[in-house]
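Novice:
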Amino acid sequence: MNEILVRNEDDSFFIRFYDFERSVSVDYLQFSLELISSIFKVSTVCNVSIEELLLFKKDLDLMLRKCHKEFSFTPLGESFSLKFQMREKEIIHLNGCISDTQMPQSYLTFHNIICVDYLSVILMQIENVMDNLE
Numbered sequence: 129m130n131e132i133l134v135r136n137e138d139d140s141f142f143i144r145f146y147d148f149e150r151s152v153s154v155d156y157l158q159f160s161l162e163l164i165s166s167i168f169k170v171s172t173v174c175n176v177s178i179e180e181l182l183l184f185k186k187d188l189d190l191m192l193r194k195c196h197k198e199f200s201f202t203p204l205g206e207s208f209s210l211k212f213q214m215r216e217k218e219i220i221h222l223n224g225c226i227s228d229t230q231m232p233q234s235y236l237t238f239h240n241i242i243c244v245d246y247l248s249v250i251l252m253q254i255e256n257v258m259d260n261l262e
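Okay, so the sequence shown: first residue is 129 according to this note's numbering, each after it adds one.
(1) With distances taken from CA atoms, which of D259, Y246, G224 is nearest P203?
(2) Which residues does DSSP list as the beta-bridge partners of K211?
(3) According to DSSP, L236 sits in a beta bridge with which residue or residues?
(4) Once you ignore the five residues that flank S151 on each side, which residues in its own chain have a CB closer than 8 angstroms to its CB?
(5) Under 8 angstroms Cβ to Cβ from Q253, same chain only, skipping five residues before and after it: list those, please.
(6) Going by Cα to Cα distance, which pick from G205, L183, E206, F208 is closest to H196?
(7) Do you know how far the Cα of E262 is from the Cα of N240?
(8) Run through the DSSP bridge pairs and tell me what I242 is partnered with.
(9) Taking buried to mean at least 16 other C-beta atoms within 10 Å of its own C-beta, is K169 buried or exposed?
(10) Taking 8 angstroms as the threshold (beta carbon to beta carbon), is R144 in contact with chain C?
(11) Which of the three DSSP states is assigned to D138 in this structure?
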């Protein structure tokens with residue numbers, strides 16, 4: 129499977145990173161991004177360096193092992209950012225922002241909650257994406 133899915137427990141909100149492929153540069157991946165909730169849907173195409181994706185994986189792993197309380201995933205040059213915060217024992221607060229690439233002053237902010245146990249699923253999905261690239 130060539131996707132990473134970040135979702136809440138009742139599936140009313142999710143962020144889907146999918147269709148990963150190597151970009152023109154060997155060190156970058158191009159992918160499609162969808163943010164979907166009950167009140168909005170956003171779709172765009174993004175790029176991320178392999179190094180940034182591996183750092184995202186490492187930060188997720190450290191949060192899962194309770195070594196990190198907070199980290200951000202903001203790929204260089206992209207129009208979105210995600211901030212993961214562990215405020216309570218088993219709950220991750222996910223805050224984010226995505227800008228309209230045609231009108232950068234127009235943006236959407238969002239907040240949702242995911243279970244800390246779901247981080248292990250996201251880690252496996254990142255592994256699968258990386259394995260499928262080789």
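Cβ atoms here follow ideal geometry from the backbone N, Cα and C, with glycine treated the same way.
Specialist: Reading from the atomic positions:
(1) G224
(2) S200, N223
(3) I226
(4) L157, Q158, N175
(5) M129, E131, I132, L133
(6) Minimum Cα distance to H196 is reached at L183.
(7) 33 angstroms
(8) I220
(9) exposed
(10) The structure shown contains no chain C; it holds only a single protein chain.
(11) coil
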